Structure formats: C-alpha cells, structure tokens
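Enquirer:
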Amino acid sequence: MDLFNNTTVSTPKIKRDANLNDRIPDGLFLACPYCGAQLYSKQLGDHRVCPACGYGFRLQARERVALMTTDFEELDADLKLADTDFPGYAGKLERAQQQTELGDSVLTGIATLEDQKVALGIMDSYFIMGSLGTITGEKITRLFEHATAAKLPVILFTASGGARMQEGIHSLMQMAKVSAAVAAHQEAGLPYIVILTDPTMGGVTASFAMQGDITLAEPHALVGFAGKRVIEQTIHEKLPKEFQRAETVLENGFIDAIVQRPAMTATLAQLVRFHQTQEVK
Amino acid sequence: MAALFRRELTPVQVVKKSREDRFSAREIISGIFTDFIELHGDRYAGDDASVIGGLANLGGQPVTVIAIDKGTDIKDKLAKRNGSPEPYGYRKATRLMDQAAKFGRPIITFINTPGAFPGKSAEDQGQGEAIADSILQSMKYPVPMIAIVYGEGGSGGALALATSDQVWMFQNATYSILSPEGFAAILWKDAKRSGEAAELMGLTPNDLLANGIIEYIVPESRSHNRVFNLVRAKLLEEIQQLQSLTTTELVAKRRARFRAF
Ligand SMILES: [Zn+2]
Chain A
1 MDLFNNTTVS TPKIKRDANL NDRIPDGLFL ACPYCGAQLY SKQLGDHRVC
51 PACGYGFRLQ ARERVALMTT DFEELDADLK LADTDFPGYA GKLERAQQQT
101 ELGDSVLTGI ATLEDQKVAL GIMDSYFIMG SLGTITGEKI TRLFEHATAA
151 KLPVILFTAS GGARMQEGIH SLMQMAKVSA AVAAHQEAGL PYIVILTDPT
201 MGGVTASFAM QGDITLAEPH ALVGFAGKRV IEQTIHEKLP KEFQRAETVL
251 ENGFIDAIVQ RPAMTATLAQ LVRFHQTQEV K
Chain B
1 MAALFRRELT PVQVVKKSRE DRFSAREIIS GIFTDFIELH GDRYAGDDAS
51 VIGGLANLGG QPVTVIAIDK GTDIKDKLAK RNGSPEPYGY RKATRLMDQA
101 AKFGRPIITF INTPGAFPGK SAEDQGQGEA IADSILQSMK YPVPMIAIVY
151 GEGGSGGALA LATSDQVWMF QNATYSILSP EGFAAILWKD AKRSGEAAEL
201 MGLTPNDLLA NGIIEYIVPE SRSHNRVFNL VRAKLLEEIQ QLQSLTTTEL
251 VAKRRARFRA F
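Protein chains in written order, with full-length UniProt numbering: chain A, 1 to 281; chain B, 1 to 261.
#1: Which residue spans inside the stretch 37-125 of chain A form an unbroken beta strand (DSSP E) run of at least 3?
#2: Step through the CB atoms of chain A and report whether any lies within less than 7 Å of the CB of residue 213 (chain B).
#3: What is the DSSP secondary structure of residue 134 (chain B), reduced to helix, strand or coil?
#4: Per DSSP, what kind of secondary structure is residue 84 (chain B) in: helix, strand or coil?
#5: Between the alpha carbons of residue 23 (chain B) and residue 168 (chain A), how many angstroms are there, rounded?
#6: Would you be able to state if there are at least three C-beta pairs under 8 Å between the stretch 168-184 of chain A and the stretch 65-72 of chain A?
#7: Determine the chain A residues that contact residue 127 (chain B) at a beta-carbon separation under 9 Å, and present them in chain order.
#8: Could you compute how far the alpha carbon of residue 285 (chain B) sits from the alpha carbon of residue 118 (chain B)?
#9: Quick one: Cα of residue 256 (chain B) to Cα of residue 124 (chain B), how far?
#10: Distance check for residue 80 (chain A) and residue 135 (chain A), CA to CA, integer angstroms please.
#11: Would you call residue 220 (chain B) buried or exposed, if buried means 16 or more other Cβ atoms sit within 10 Å of its Cβ?
#12: With 16 other CB atoms within 10 Å as the buried threshold, where does residue 29 (chain A) fall?
#13: For the stretch 229-244 of chain A, list every residue whose C-beta sits within 8 Å of some C-beta in chain B, in sequence order.
#14: Smallest Cα separation from residue 202 (chain A): which of B:100, B:174 and B:132?
#15: Counting along the chain, where does the alpha helix (DSSP H) carrying residue 140 (chain A) start and finish?
#16: Does the distance from the CB of residue 183 (chain B) to the CB of residue 197 (chain B) come in under 7 Å?
#17: Taking only beta-carbon positions, decide if residue 136 (chain B) is within less than 7 Å of chain A.
#18: Taking Cβ positions only, does residue 144 (chain A) come closer than 7 Å to chain B?
#19: Quick one: what does DSSP say residue 111 (chain B) is sitting in, helix, strand or coil?
#20: Relative to the alpha-carbon of residue 113 (chain B), which residue among B:88, B:152 and B:138 has its alpha-carbon at the smallest distance?
#21: Taking 7 Å as the cut-off, decide whether the C-beta atoms of residue 63 (chain B) and residue 105 (chain B) are in contact.
#22: Could you tell me which of A:177, A:88, A:116 and A:123 sits nearest to residue 142 (chain A), measuring between CA atoms?
#23: Can you name the residues that DSSP bridges to residue 38 (chain B)?
#24: Counting C-beta neighbours from all protein chains within 10 Å, is the total for residue 3 (chain A) 16 or more, i.e. buried, or is it exposed?
#25: Within the 7 Å Cβ cut-off, does residue 97 (chain B) reach chain A?
#26: Which residues in the same chain have their Cβ closer than 6 Å to the Cβ of residue 163 (chain B), if we skip the five residues on either side of it in sequence?
#27: Please list the partners that residue 202 (chain B) has in chain D, where partner means a Cβ-to-Cβ separation under 7 Å.
#28: Where do the ends of the alpha helix (DSSP H) carrying residue 228 (chain B) lie?
Given below as structure tokens:
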C-alpha cells in the first residue's frame with residue numbers, strides 16, 4: 001500500500017505519489033488525480049478544485065482553515081506523542097510535524113463559519129496519510145468534550161488512510177475512545193456534522209466518520225473501510241473505477257449530500273443554523 | 001496462572017496457535033451456558049452465519065451471547081468466510097445488543113476473526129458504518145458487557161464486539177490492529193516479515209494485559225470443560241460486580257475505560 005510512503009524521500013515512482021500534484025508550484029502543468037484532465041495549477045483557484053470534474057485536491061488542514069473560517073482559535077496545539085519507541089517512528093513524526101505545522105494528523109479548534117460558532121476538526125492527509133494515532137484520537141476526543149461542555153456543534157473533516165501502524169493496538173483503541181466522546185455529545189442533543197474528504201478509509205470510516213448526524217462528502221472522495229487492493233486480492237475480481245467514490249457511497253445510502261468545495265462553508269453554516277435550539281426552561 | 005508453569009510461547013507461536021481450530025463458538029456456548037436459543041438475522045439484509053447470537057442461561061440469569069465463528073469444516077468455513085463478518089453480521093449483533101439493553105440482560109461476546117470481510121458487497125453495504133454503529137451503541141448500553149477474544153482478534157472487525165466493560169483473552173489468542181502479515185506489508189512492503197512484525201506488535205495476551213488493554217487472561221487447558229467452568233465462574237463473579245453499579249455508573253465507567261487510551 002502506498003498510503004504510508006514517506007513523502008519526503010524522493011522516489012523515481014512519482015506517478016504513484018498522489019500528493020505530488022498539490023505540491024507543484026503555481027504555473028506548472030498537472031493532472032487531476034480523478035479525471036486525468038491536464039491543468040495549469042492556477043486553474044484550480046483558491047479552493048484547489050479541478051474545473052473539469054469538481055474533484056477537490058488534497059489540502060493541508062491549515063489551508064482549509066484559512067479558506068473557510070473568519071476566526072479560529074486552535075486547541076491543543078502543543079499536544080504531541082511522547083512515546084515513540086517503534087523503529088523509525090520518531091523521525092517520521094518529526095518530519096510530518098514540520099511539514100504540516102501540526103502536532104499530529106488533526107487540527108482542532110473553535111471556529112466561526114460565517115456567523116456560526118462551531119467546534120471544528122480537520123484531519124490532514126499530509127501527516128502520515130492522516131492515519132489515526134493516539135494524539136489524533138486525543139485531540140478529536142477533547143474537541144467533542146469541549147463542544148459538549150460549551151454546547152457547540154462539532155464539524156469534522158475526515159481524511160485518513162486508516163490506522164497508525166506504528167502505534168499498534170493503541171491506534172485501534174482511538175476508535176472506541178472518540179466514539180465514547182461522540183456518544184456523550186449526542187446525548188447532549190448537539191449536532192455532529194462529518195465531511196468525508198479524499199481519502200477517508202479504514203478505522204476512521206469504521207468509527208467517527210460514520211457516526212455523524214449529517215454526513216457530507218467532497219466530490220469523488222474515496223470513502224471505504226477495506227483498501228481496494230486487499231479486496232481485489234480477496235475476491236479475485238477487478239473493481240470498477242467508481243468503487244468507493246463518494247458518488248457511489250451516496251447511492252448506497254451512506255452519505256447525505258455531496259458538496260462542492262466552494263459551497264462548503266455556506267452549506268455548513270446553514271446546517272448549523274437549522275440546529276439552533278430555542279432555550280427550553 | 002497456568003501459563004506461568006509452562007514455557008512461554010513466542011509471539012510468532014501465539015499467532016500460529018490463535019489461528020488453529022482450538023475452540024468452536026458452538027462448543028464454547030454450550031460449554032459455558034445452558035438453554036441457548038439462537039436468534040437469526042439483522043432484519044434488513046440477511047443472516048450472517050459467521051455471527052452466532054442468541055439467548056442463554058448463565059447461572060440462572062438470562063444473558064445475550066454473540067460469537068464470531070470461523071466454522072468447523074471447509075463448507076462451514078467458506079460460508080463464514082473464515083470468521084470475517086459482513087455488515088449484516090455486525091448489524092445482527094447490534095440488533096441483539098439493543099434487545100439485551102431493552103431487557104436488562106448482560107451481553108457476552110466471543111471473538112475469533114481475522115477482521116471484517118474485505119469484499120465488494122461488504123463495502124457497498126457499509127462495512128465501515130456497520131462497525132462504527134456497533135461501537136457507538138456499545139458506548140450506551142446500560143447493561144454489563146464482557147468481551148472474550150478466544151482466537152484471532154483482528155482490527156476494527158474485532159473491536160466492533162469488544163467495546164465492553166472488560167475484555168478478556170484466551171491464553172493463545174491475539175488482539176491487534178492488523179494481522180502481522182498485513183502489518184509487514186503496509187510498513188515494509190513485505191508480508192514475509194510477519195514474524196518480525198509479530199514480535200514488534202505486542203499482540204499477545206501477556207503484552208496486552210501489561211498495557212492495560214485487557215483485564216484477564218483465560219488459561220487454556222487440554223480439558224475444555226475445565227476452561228469453560230473457569231470462564232463461567234469468572235463471568236458470574238464479574239457480572240455480579242458490574243450489576244452492583246447503577247446504570248449511569250456502569251456506562252460512565254465503560255467510557256472512562258476507553259478514555260484512558
Ligand atoms: Zn478532475
């Protein structure tokens with residue numbers, strides 16, 4: 001699986017590096033990873049969207065915050081994993097932290113979307129493929145806890161290749177830890193909106209990505225549990241191009257709506273407005 | 001603990017043993033409980049043979065039992081995809097757990113799975129959503145929940161039935177984020193380094209007990225009856241303890257158990 005490739009090491013197989021397009025400087029020619037359209041980087045615009053098919057190029061969490069919010073107060077910015085015994089893991093974490101300016105694979109904070117105050121989490125696929133580590137789980141859990149205490153909606157952009165292998169069983173436990181915080185937030189009658197972005201796979205799909213009150217997705221985002229290659233090896237069958245794409249997952253009944261990136265902020269703000277509760281005494 | 005009196009197995013040996021047909025789910029159920037009545041189906045898509053569920057009697061009280069089973073002969077193993085549930089298997093489990101919560105019955109799960117089934121229809125029917133919902137609902141049930149991994153405890157497909165008040169493991173069982181082969185394939189692009197992976201992953205009961213991931217190791221014995229008698233006695237004791245809590249305390253304690261990770 002190339003999801004866990006160390007992207008800072010140059011490799012001759014650049015065709016396999018799905019993130020490369022995002023890092024080409026402005027003015028260069030690039031291909032849409034979904035439809036293959038040949039584009040100049042500038043054609044993608046501020047939202048980094050393919051003009052041919054609407055695919056949203058992968059964004060860093062901080063880029064997304066800048067695009068969407070008028071006000072953002074980061075939470076747990078300094079939270080980092082202390083215990084990095086696994087061979088080669090400490091260096092890998094450090095490089096990811098430098099590249100993304102994040103402590104781990106999610107950015108969390110209190111944000112204003114148009115006029116709506118929300119607890120906002122954004123996973124970053126540039127941080128070890130958005131894999132679910134202990135700190136990722138801890139930051140998302142704290143976001144839910146904060147939102148429950150402050151009576152705020154949670155809006156979470158998911159992007160993940162799945163488990164953080166280097167953390168083993170502790171990565172698996174994050175699925176349960178976050179779910180417990182989601183349960184408490186739900187019981188407080190507060191809305192939780194998920195936006196599935198490219199890619200959302202594995203343990204994230206099998207936990208908090210699929211526990212929202214409302215589930216949105218970006219066009220053509222890859223959304224699934226098992227990886228395509230593992231499935232092809234198991235069932236000895238070639239899978240169609242549209243397999244696990246957001247449009248297919250919507251058709252199968254697991255997504256409420258696919259929202260184009262430029263319309264995302266307004267859509268989210270409106271959804272939050274629909275959930276404003278009258279004070280009940 | 002019986003394990004202490006024997007030579008300790010290496011992680012590679014435990015992985016091998018965990019995959020052998022040591023216990024079948026039906027043998028475990030009839031060995032520990034009486035009056036088992038099996039209940040089928042998820043009410044939407046079908047009945048997954050790899051998830052066996054129903055009502056049983058544990059020392060005079062009704063309990064809900066759910067077990068993932070790999071199957072006993074080739075035909076059975078094929079039907080059960082070697083213990084890899086489909087989404088409707090997890091939804092059957094969730095349905096039975098909902099029912100247990102309604103009637104105040106303790107929930108006891110037995111797990112032996114390499115993982116949720118990686119198939120096209122499984123994805124189309126929302127494998128991720130099925131597991132996610134099972135985990136989320138398990139965080140709310142106001143009844144005692146005990147999960148016992150008796151073979152392989154593979155990934156999210158095992159966690160779906162292990163979000164419990166206590167997690168136990170048989171002495172020769174494993175519980176891990178992925179199989180050692182999958183782990184090696186992802187990290188090192190080389191599934192043949194699975195032995196090395198098994199050593200690093202900390203997937204044996206001893207490792208997991210030391211890490212606080214599980215509460216108890218069930219010593220295995222050539223006499224299965226001895227194992228079942230021990231599990232029955234331990235279940236009765238722990239369930240009684242859990243039932244002495246208020247339902248609010250019980251759920252809060254379960255959430256706190258996972259909050260610590
Ligand atoms: Zn395109």
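Glycine is no exception: its CB is placed at the ideal position from the N, C-alpha and C atoms. Remember, predicted model here, so these are calculated numbers, not experimental data.
Expert: Put simply:
#1: 38-40, 71-74, 106-113 and 116-123
#2: yes
#3: helix
#4: coil
#5: 26 Å
#6: no
#7: Here the neighbours are 205, 206, 224, 225 and 226.
#8: The structure shown does not extend to residue 285 (chain B), since chain B spans only 1 to 261, so no value can be given for it.
#9: 34 Å
#10: CA-CA distance, residue 135 (chain A) to residue 80 (chain A), rounds to 6 Å.
#11: buried
#12: exposed
#13: 230, 231, 234, 235, 237, 239, 243 and 244
#14: B:132
#15: 134-150 is the extent of the alpha helix (DSSP H) around residue 140 (chain A).
#16: Contact annotation: residue 183 (chain B) and residue 197 (chain B) have beta-carbon atoms nearer than 7 Å.
#17: Residue 136 (chain B) counts as touching chain A.
#18: no
#19: In this structure, residue 111 (chain B) counts as strand in the three-state DSSP scheme.
#20: B:152
#21: yes
#22: Of the candidates A:177, A:88, A:116 and A:123, the one whose C-alpha sits nearest the C-alpha of residue 142 (chain A) is A:177.
#23: B:54, per the DSSP bridge assignment.
#24: Low confidence applies here, because residue 3 (chain A) scores a pLDDT of 45, under 50, leaving its location unreliable and the question unanswered by this model.
#25: no
#26: Scanning its chain for C-beta atoms nearer than 6 Å, with the 5 sequence neighbours on each side dropped, one finds around residue 163 (chain B) the residues 135 and 138, in chain order.
#27: Of the chains in the structure shown, none is chain D; the protein chains are A and B.
#28: 224-243
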